[in-house]
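J.: Submitted below is the structure of interest, expressed as structure tokens.
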């Protein structure tokens, strides 16, 4: 079903008992579609939620016309059960919505300012990597600032190790190597990050904010917005910790990522 209301007893509404995917669709063609479906399937296996049939899922992007859209899929366990107890034989619900989309192209060119969040992500390996519906940590982290010039908040775990930003993955270049945080205990394993790791030698690291302080270039990435270079990192009070000059090094990841999404990859030349 399309964007229809959920009943009051739906477990996704009541408990966040479900999954979601957000897919960029260009002229009816879903980008990184297989990777999104694979992550959805991993999440369904972890949560033990039966998925809608693949034919139903495959038909959704084709219902979008010409242009750039974002398709959001929601799969909940459905209704039933008593309290937290799940129904023995759940009847999952699928909801979806397509919305026209315009990417933040100025962020591609000019880079973004980000800040450290006070909130720390808790470890839960069972839920790590998947896009489950309970995103309260991200919601509370995003409430930490209202400055329109700050594009994202950098999240660390309970041991002060880098994980991600509120809605994107982190990648940086340090000592000549590309690195990204380890996501086995918490965080979302992004589909664009996965595509980049198939193309580039990006190493997984358990490190703190010092890695960003030492980075020659750093980026936040996801499969909808593409790649935003970092131009400034602030602490949780808004004081600047590090600045980067927008130059050729900051274009590197865009050259590999943006063709996957149909975005321009020489955007700095447009300045």
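In this note's numbering, the protein residues as written are 13 to 283.
Yeah, the Cβ is synthetic: ideal placement off N, Cα and C, and Gly gets one too.
These numbers come from a predicted model, not from an experiment.
(1) Given a cut-off of 8 Å on the beta-carbon distance, is the pair residue 261 and residue 223 in contact?
(2) Kindly give me the distance between the Cβ atoms of residue 157 and residue 127, rounded to whole angstroms, as I take these residues to be in contact under 8 Å.
(3) Let me know if residue 102 comes out buried or exposed under the rule of 16 or more other beta-carbons within 10 Å of its beta-carbon.
(4) Quick check: the Cα distance between residue 282 and residue 121, rounded to an integer number of angstroms?
(5) From what residue to what residue does the alpha helix (DSSP H) around residue 150 run?
(6) Alpha carbon to alpha carbon, how far is residue 72 from residue 65? Give it in angstroms, no decimals.
(7) Cα separation between residue 60 and residue 89?
(8) Suppose the cutoff is 7 Å on Cβ atoms and the five residues either side in sequence are ignored; what does the same chain contact list for residue 203 look like?
(9) Apart from the five residues on each side of it in sequence, which residues of its chain come closer than 7 Å, Cβ to Cβ, to residue 267?
(10) Ordered along the chain, which non-local residues of its own chain (more than five positions away) have a Cβ less than 8 Å from that of residue 215?
(11) Are the beta-carbon atoms belonging to residue 164 and residue 194 less than 8 Å from one another?
(12) Where does residue 33 sit, in a helix, a strand or coil, going by DSSP?
(13) Quick check: residue 105 and residue 22, are their CB atoms within less than 8 Å of each other?
(14) Tell me the residue span of the beta strand (DSSP E) that contains residue 276.
T.: Straight from the coordinates:
(1) no
(2) 6 Å
(3) In this structure residue 102 is buried. Its beta-carbon is surrounded by 16 or more other beta-carbon atoms within 10 angstroms.
(4) Note on residue 282: pLDDT 46, under 50, position unreliable in the model; the coordinate value appears next. Looking at the two C-alpha atoms, the distance is approximately 7 Å.
(5) 148-154
(6) 12 Å
(7) 9 Å
(8) 44, 47, 48, 51, 235
(9) 277
(10) Taking C-beta separations shorter than 8 Å and ignoring five residues to either side along the sequence, the partners of residue 215 in its chain run 189, 190, 191, 192, following chain order.
(11) no
(12) Correct three-state label for residue 33: strand.
(13) yes
(14) From DSSP, residue 276 is part of no beta strand (DSSP E); its letter is neither H nor E.
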